[in-house]
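**Student:** Going by full-length UniProt numbering, the first residue of the sequence shown is number 1, and it counts up by one from there.
Note that beta-carbon positions come from the ideal geometry of N, C-alpha and C, so glycine has one too.
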Amino acid sequence: MITGIVVALLLAVIVFQYMIIKIDKDKRHEAGHDKLTGLCNPEHLMQKMKELPDKKKNRLIIYSDIAEFKLINEIFGIEKGNEILLKQADIIKKHAVDGYLYGRVGEDHFVVIADEATFNEEHLYECRETLQNVLSDSVYNVRVCFGIYRTDNMNESLSFMCDKASFAVASIKDDTHSFIAYYDDTMLEAAIKYKTIVDEFDDAIKAGEFKMYLQPQISAKTRRLTGAEALVRRIKPDGTIISPIDFIPVYEKSGLISRLDRYIWEQAAAKLGEWKKAGINMSISVNISPKDFYYIDIFNTFAGLIKKYDIEPSNLKIEITETTIMSDVPNLMGELEELRKAGFTLEMDDFGSGYSSLNTLKDINVDVLKVDMGFIKETKNVKKSRIILASVIKMAKELNLLIITEGVETEEQVDNLTKLGCDVFQGYYFSKAIDVNEFEKRYLYRKKAG
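(1) At 4 residues or longer, and completely inside the region 388-431: list those alpha helix (DSSP H) runs for me, N to C.
(2) Can the beta-carbon of residue 173 be found closer than 8 Å to that of residue 127?
(3) With C-beta atoms as the reference, is residue 337 less than 8 Å away from residue 299?
(4) Please list the segments of the beta strand (DSSP E) lying wholly inside the region 276-322, counting only runs of 3 or more residues, in order along the chain.
(5) By a C-beta neighbour count over all protein chains shown, 10 Å radius and 16 as the cutoff for buried, is residue 37 buried or exposed?
(6) What number of angstroms, rounded off, separates the C-alpha of residue 133 from the C-alpha of residue 333?
(7) Using DSSP's beta-bridge definition, name the partner residues of residue 383.
(8) Would residue 153 be called buried (16 or more neighbouring beta carbons within 10 Å of its own) or exposed?
(9) Write down the C-beta distance between residue 103 and residue 45 rounded to the nearest angstrom, noting that I regard them as a contact closer than 8 Å.
(10) Excluding the five sequence neighbours on either side, which residues of its own chain have a C-beta within less than 7 Å of the C-beta of residue 340, listed in chain order?
(11) If you draw a straight line from the alpha carbon of residue 217 to that of residue 236, how long is it in whole angstroms?
(12) Is residue 444 closer than 8 Å to residue 282 when the C-beta atoms are compared?
(13) Determine which residues share a DSSP beta bridge with residue 212 and list them.
(14) Closest to residue 323 by C-alpha separation, out of 254, 131, 292 and 225, would be which residue?
(15) Use the C-beta contact count for residue 241: other C-beta atoms within 10 angstroms, 16 or more gives buried, fewer gives exposed.
(16) For the putative contact between residue 427 and residue 406, defined by C-beta atoms under 8 Å, what is the C-beta separation to the nearest angstrom?
(17) Give the single residue among 439, 438, 414 and 440 whose Cα lies nearest to the Cα of residue 222.
(18) Would you please state the rounded distance, in angstroms, between the beta carbons of residue 114 and residue 125? I believe it to be under 8 Å.
(19) Taking the straight line between their C-alpha atoms, what separation do you get for residue 75 and residue 271?
(20) Do you know how far the Cα of residue 224 is from the Cα of residue 450?
(21) Within 10 angstroms of the Cβ of residue 227, are there 16 or more other Cβ atoms? Answer buried if so, exposed if not.
(22) Please state if the CB of residue 434 and the CB of residue 422 are separated by a distance shorter than 8 Å.
(23) Along the beta strand (DSSP E) that carries residue 113, what are the first and last residues, could you check?
(24) Look at the alpha carbon of residue 335 and the alpha carbon of residue 248, and state the distance between them as a whole number of angstroms.
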């Protein structure tokens, strides 16, 4: 009897100790691994790096980034976002060989530390194709980019190595044809410049450094002003003018473009309201970028501006690019049609620059086509380009669309475009984009007096 009790107690102690050990082991595993994917977290990954036997071996730090992942979560839900992350984690586990380290180091960022001699780049292609198919029931394509940093020093910190690889990712973010990039030192310079431009944005907005510039639009028939396009320049306190070429791509990539666009829309609407009170009837065209439709309630924003400044919708014209129309914005066509019904004029900018211009035009109602003369200058076959341009203008006339030709630089172009039936000119031949005060002095007050 006593023996049985002793045995039972011993078994209980053993079971208890086993449970304690298991709980402790589970806790340690949980502390070192990502809850969603089960991969190492950064802290555990750094510990494993310290345990590598040969720290001077040539290795690759492969860092991945899923483009617009936050947007994917917002549009399709967190569950679908998690599905994408789990798919990528599965691919990493599938192809990891002995000696590889891997883990999740950020919301949508994974890292693999691989032996350069055994690494197979084809696995990255498989990962890209697999993730592209996760949203197969949508027109949205998941885009994953890989930055690769070569090193023979595992004493470097994980964050340092990931930063280097992330600079490589940043170098291809805007290149939809590339998804793999290897780090080099020029990328660090580009990353520093990028960060500086982003970090300066808030202070520049508060200081009023972003200025609305206006480029005149001239009637082909009367050679008089018919409107203007609102563009943006940044003017630093020392008077230095920074071209939008230097900051617009950065803001588009970082998501700040929507804040800048709203800022310019507000300036344009306020100026139209001011002109209306002065008895001047004039229009300004403003640009909408693809991301604006994701982050801004476009219809209510523009309707609010019309009400706030007591202006006509037809005087605050809206420019959209073919790229915007071809993007995966949900209910884009519905929003654009709602704007037209409210009295806004829609202009398709850069018509002909994409691959599906005619198909796009078939599916959307716009009022104006803007054609850039650059597509003639950038080809060796000028004769064919002129024939195409003539056909575009003729087609626009048959569709009752107004044609604005941008990039007009010579008198010969003006004469030829007039003969072809172009309605409005915009370009350096008439004027570059100028600040609002100069625009008013040169055109509006003289026009009003006349």
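**Tutor:** Short version:
(1) 411-420
(2) no
(3) no
(4) 284-288 and 316-321
(5) buried
(6) 25 Å
(7) Looking at the DSSP assignment, residue 383 forms no beta bridge with any residue, so it has no partner.
(8) exposed
(9) 4 Å
(10) 346 and 365
(11) 28 Å
(12) yes
(13) 232
(14) 292
(15) exposed
(16) 6 Å
(17) 414
(18) Contact doesn't hold; Cβ gap of about 15 Å is too wide.
(19) 35 Å
(20) Because residue 450 sits at a pLDDT of 42, beneath the cut-off of 50, its placement in the model cannot be relied upon, and the point is left open.
(21) buried
(22) no
(23) 109-115
(24) 24 Å
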